[in-house]
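Below is one structure, written out as structure tokens, with a few remarks after it.
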Amino acid sequence: MGRSPCCERAHINKGAWTKEEDDRLVAYIRAHGEGCWRSLPKKAGLLRCGKSCRLRWINYLRPGLKRGNFTQVEDELIINLHSHLGNKWSLIAGRLPGRTDNEIKNYWNTHIRRKLLSRGIDPETQRLVHAPVSGFTISFAKGEEKDRSLLPCEQEKIIGSRQQQQQQEVMADPEVRVSGPQPGLVFKPSSVTAASRRVHTLF
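Put into structure tokens, the structure is as follows:
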């Protein structure tokens, strides 16, 4: 048989907690400790579910809770812990005194995760989603999109002749020297100034 529902009574308050209810819960726990949450509401004189009492105490009423925005140090710690522990928010909260697991989970989903994605970082692996290629960009001949309608053998002939022509143009320029495993490709520096067009690309 499955576990019986936490709330068996018909008349249970499910709205926002009042100050009187908070005071009653705090006073009972200070006097008797947390104990069994299923039986606590009745003993404390609360028309609340045991789960509701537990969450209210842990997330809002227990001593030592930190309020306010997360600090930069906390942000970095959460990111570091998440890279090792994943979505185990209770374990992460255990290493951030005063912060609850639910609070950290919400902060991760609404702030940190979006921040990492905006920087091109995968929140799950902590790695770059698109690693930038520095030093050069690869440029193919214009009109290649139109050649896709041709047969493969025709495409190979046309592209091969264009690549050969590009190679001859590059080698004819004494100021540019480009070397690589595929001489048919034209490697253009990502930034070239008028004062200096000499580029040495190493592979």
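What the sequence shown shows, in UniProt numbering, is residues 1 to 203, in sequence order. For each residue, glycine too, the CB sits at the ideal point set by N, CA and C.
By the Cβ-count criterion, Y60 is exposed, with fewer than 16 other Cβ atoms from all chains shown falling within 10 Å of its own Cβ. Within its own chain, the residues whose Cβ lies closer than 7 Å to the Cβ of R24, once the five positions on either side in sequence are excluded, are A44, G45 and L46, listed in chain order. Contact annotation: H84 and W108 have beta-carbon atoms that are not nearer than 8 Å. With contacts defined by Cβ atoms closer than 8 Å, I104 and W89 form a contacting pair. Rounded to whole angstroms, the gap between the alpha carbons of G120 and R127 is 8 Å. Straight through space, the alpha carbons of G50 and L40 are spaced by roughly 7 Å. Residue environment for S52: buried (at least 16 other C-beta atoms within 10 angstroms of its C-beta). Annotation: I58 to G86 spans about 22 Å, alpha carbon to alpha carbon.
Going by DSSP, E103 is part of the alpha helix (DSSP H) stretching over D101 to Y107. Taking C-beta atoms as the reference points, E124 and L96 fail to come closer than 8 Å. With distances taken between CA atoms, H11 lies nearest to K42 out of K42, Y28 and G35.
Collapsing the DSSP output to three states places I121 in a strand. The DSSP-derived three-state label of L46 is coil. Y28 and L116 have their C-alpha atoms roughly 43 Å apart.
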